[in-house]
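One structure is given here, and the rest of the page talks about it.
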Amino acid sequence: MENLEQAMKGTREVAQLVRGQATSDGDGVKLTRVIGGRALADLDPFLLLDEFGSESAADYIGGFPSHPHRGFETVTYMLEGRMRHRDNQGNEGLLVSGSVQWMTAGRGIIHSEMPEQEAGRMRGFQLWVNLPAKDKMTAPRYQDIAPERIPVVHAGDGALVRVIAGAFTDRAGASTRGPVSAIATDPVYFDVSLPQGARFEHDLPADHTAFLYVFEGQVQVGDRAAVAVRGDLAVLASGDAVRVAAPAAAARFILVAGRPLGEPVVKYGPFVMNTRAQIVQAVDDYSSGRFT
Ligand code: FE
Numbered sequence: 001m002e003n004l005e006q007a008m009k010g011t012r013e014v015a016q017l018v019r020g021q022a023t024s025d026g027d028g029v030k031l032t033r034v035i036g037g038r039a040l041a042d043l044d045p046f047l048l049l050d051e052f053g054s055e056s057a058a059d060y061i062g063g064f065p066s067h068p069h070r071g072f073e074t075v076t077y078m079l080e081g082r083m084r085h086r087d088n089q090g091n092e093g094l095l096v097s098g099s100v101q102w103m104t105a106g107r108g109i110i111h112s113e114m115p116e117q118e119a120g121r122m123r124g125f126q127l128w129v130n131l132p133a134k135d136k137m138t139a140p141r142y143q144d145i146a147p148e149r150i151p152v153v154h155a156g157d158g159a160l161v162r163v164i165a166g167a168f169t170d171r172a173g174a175s176t177r178g179p180v181s182a183i184a185t186d187p188v189y190f191d192v193s194l195p196q197g198a199r200f201e202h203d204l205p206a207d208h209t210a211f212l213y214v215f216e217g218q219v220q221v222g223d224r225a226a227v228a229v230r231g232d233l234a235v236l237a238s239g240d241a242v243r244v245a246a247p248a249a250a251a252r253f254i255l256v257a258g259r260p261l262g263e264p265v266v267k268y269g270p271f272v273m274n275t276r277a278q279i280v281q282a283v284d285d286y287s288s289g290r291f292t
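Take the sequence shown: its letters are residues 1 to 292, numbered as in my numbering.
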């Protein structure tokens, strides 16, 4: 019985390693699509993960001119660079290096996301998180999080954990909650930096979907020490504890988890609903100017 329990509640191993594909979106912004492309179409409740990063303005200067969203959430984490967002309801803000925007599009917004720099490095992630059927037509909501509001926890061995969403609990049992609140899928979003030789361990609810994406260096994941290198997304199997080590090199990764919805997903570009009829309605509402 104890063995069975351990087997069910053990370390999360790597279920699948995924490499993103180079593509472009918006007005020619070059990016790597890790979730939402051919390699990994969907990872319930996560619909898309893009990594962007370039020193060359030509790769990002076109930005993302005015476009709609309905039925899900977009999460932008800027590692470096400045991006201004504006929407059709008069909301506006500037995303600076280290900031996060968690936007719940709900029933619909039309916005633009444009670089506010003409040179220098632009680097970060955009994640799309699905909304449950009951919340798809909720009122739009923004959580614009300035960098100084994101706690940085010293997690032992020189490891640093930036807690964007969810709660990080250290080895002594002290808990630090991230600033993003009241999200339907109860997400965890940590940015973890490990110096060479450091280890990272954290519990997650066993039934939550979880992945990590390595964006610097390389790590070993789980008791089987599967190697994930820069640009690898590791989908984590069920279990209650994530264990990561960086024996070969310093590393940095995002660890993201959330409650799967288990509901039908019908995607059409920037609209993600549960049925075809709802997609037809979304297209009609948008083209008729009802996204106001
Ligand atoms: Fe957008």
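Every residue, glycine too, gets a C-beta built ideally from N, C-alpha and C.
- By the Cβ rule, the stretch 72-90 does not count as touching the stretch 35-42, because fewer than three pairs are nearer than 8 Å.
- Contact between Phe215 and Trp128 does not hold, since their C-beta atoms are separated by about 18 Å, which reaches or exceeds 8 Å.
- For Pro65, the Cβ stays outside the 8 Å cut-off from all heavy atoms of the ligand FE.
- Burial of Ser99 is indicated by the presence of at least 16 other C-beta atoms within 10 angstroms of its C-beta.
- Only residues of its own chain outside the window of five on either side were considered, and among them Arg33, Ile35, Gly36, Gln126, Leu127, Trp128 have a CB closer than 8 Å to the CB of Leu48, listed in chain order.
- In terms of Cα proximity to Ser112, the closest of Glu13, Asp284, Gly90, Val192 is Gly90.
- For the set Arg19, Tyr60, Gln16, Val163, the Cα lying nearest the Cα of Lys30 is the one of Tyr60.
- Under DSSP, Ala167 shares a beta bridge with Arg177.
- DSSP places Tyr77 in the strand class (E or B) of the three-state scheme.
- Thr209 counts as buried, since no fewer than 16 other beta carbons sit within 10 angstroms of its beta carbon.
- Sequence-distant partners of Glu118 (beyond 5 residues in either direction) whose C-beta falls short of 8 Å from its own C-beta, in its chain, are Ala57, Ile61.
- With a threshold of 16 other beta carbon atoms within 10 Å, Glu92 falls short and is exposed.
- The C-alpha of Phe200 is placed about 7 Å away from the C-alpha of Ala159.
- The C-alpha of Ala257 is placed about 9 Å away from the C-alpha of Phe46.
- Check the Cα spacing between Glu13 and each of Ala250, Ala249, Arg224: the tightest is with Arg224.
- Apart from the 5 residues on each side of it in sequence, Ala250 sits with its Cβ closer than 6 Å to the Cβ of Pro195, Gln196, Gly217 in its chain, given in chain order.
- Relative to the ligand FE, the beta carbon of Thr74 is positioned inside 8 Å of a heavy atom.
- Remark: three or more beta-carbon pairs, one from each stretch, lie closer than 8 Å, so the stretch 182-192 and the stretch 155-169 are flagged as touching.
- Runs of beta strand (DSSP E) with 3 or more residues, each lying fully within the stretch 180-243, are found at 188-194, 199-203, 209-221, 226-229, 232-236, listed in chain order.
- The beta carbon of Ala237 sits closer than 6 Å to the beta carbons of Arg12, Glu13, Ala15 from its chain, once the five residues preceding and following it are set aside; these are given in chain order.
- Closest option to Asn130, judged by alpha-carbon separation, among Pro264, Gly289, Tyr286, Gln281: Pro264.
- Per DSSP, Val283 lies in no beta strand (DSSP E); the unbroken alpha helix (DSSP H) holding it starts and ends at 276-287.
- The alpha-carbon separation between Leu233 and Glu116 amounts to approximately 29 Å.
- Residue pairing by DSSP puts Gln21 in a beta bridge opposite Arg33.
- The C-alpha of Arg177 is placed about 39 Å away from the C-alpha of Ala277.
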